[in-house]
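Q: Can you read through this structure? Questions will come right after.
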Amino acid sequence: DNLFRKVNLEMIMSPTSSLIKSLFKRKLDFKDGKFYVDGVPGLFTAIYVLVILDRYFLNKNKIKYIKLLKETGFFQGQLTYGKSKSIKIVSTKMLDKYLKKLNVYGFGNFCILSSGKSKNLFFIENTTNNYSKVSRKIFGKSKECVDLFLSGLIEGYLSKLLDKSCSVKEIQCIARGDQKCLFEIKFN
2 DNLFRKVNLE MIMSPTSSLI KSLFKRKLDF KDGKFYVDGV PGLFTAIYVL
52 VILDRYFLNK NKIKYIKLLK ETGFFQGQLT YGKSKSIKIV STKMLDKYLK
102 KLNVYGFGNF CILSSGKSKN LFFIENTTNN YSKVSRKIFG KSKECVDLFL
152 SGLIEGYLSK LLDKSCSVKE IQCIARGDQK CLFEIKFN
């Protein structure tokens, strides 16, 4: 189990990987709905690489890789918040402001949706999720939600931000044909 995790993390994240090296030598950009590599419209960008690698490893060992993606996302989410003290959120508007920090990863823009009466349940909407759009473009309509890393990222970030454990589950996904990616957040 640890060997699988170590090998996969090294393959994906290793700065010595020739794939990663070649990507960091390029200027990658996304504007006007198109991906650009060195200023030229292109197909191969970091999101494309991630989608293809994820699909490859999910096909190899789905159960272990799902766990790995969520754990990696969780860890990255905690790193994103950093060493700041956790905060007390008084409104969804305030939480929305903090979620903007996650936009840096290129997964689109996040928006908090109120859950109504429950303080322990709310939803995060993303209508511009590049990962899901690319996944659908490459592999066609998915039968399942595909944003495992992103679910972990949100979970890790919110857990650290609010100093409360939570669980995040994607319940709608652009890759499945839904109009948006919708994440259900439950606090324990």
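Add 1 to the 1-based position in the sequence shown for this note's numbering, that's all there is to it.
For every residue, glycine included, the Cβ atom is placed at its ideal position computed from N, Cα and C.
(1) For residue 136, which of helix, strand or coil comes out of DSSP?
(2) Going straight from the alpha carbon of residue 63 to that of residue 174, what length do you get?
(3) Just checking my contact of residue 172 with residue 156 at CB under 8 angstroms: how many whole Å lie between their CB atoms?
(4) Taking only three categories from DSSP, how would you classify residue 184?
(5) With a Cβ-Cβ cutoff of 8 angstroms, do residue 107 and residue 127 count as a contact?
(6) Enumerate in chain order the residues of its own chain whose CB-to-CB distance from residue 189 is below 6 angstroms, with the five nearest sequence positions on each side excluded.
(7) So is residue 123 buried or exposed if we call it buried at 16+ other beta carbons inside 10 Å?
(8) Which stretch, first to last residue, makes up the beta strand (DSSP E) that contains residue 147?
(9) I'd like to know whether the C-beta atoms of residue 71 and residue 153 end up nearer to each other than 8 angstroms.
(10) Are there 16 or more other CB atoms within 10 angstroms of the CB of residue 74, so buried, or fewer, so exposed?
(11) Going by beta carbon distance, what residues of the same chain come within less than 7 angstroms of residue 181, once the five residues before and after it are set aside?
A: Answer, in terms of the structure:
(1) helix
(2) 19 angstroms
(3) Going by Cβ atoms, the distance from residue 172 to residue 156 rounds to 14 angstroms, so no, they are not a contact pair.
(4) strand
(5) no
(6) 166
(7) buried
(8) Where residue 147 is concerned, there is no enclosing beta strand (DSSP E), given that its DSSP letter is neither H nor E.
(9) yes
(10) buried
(11) 126, 127, 128, 173 and 175
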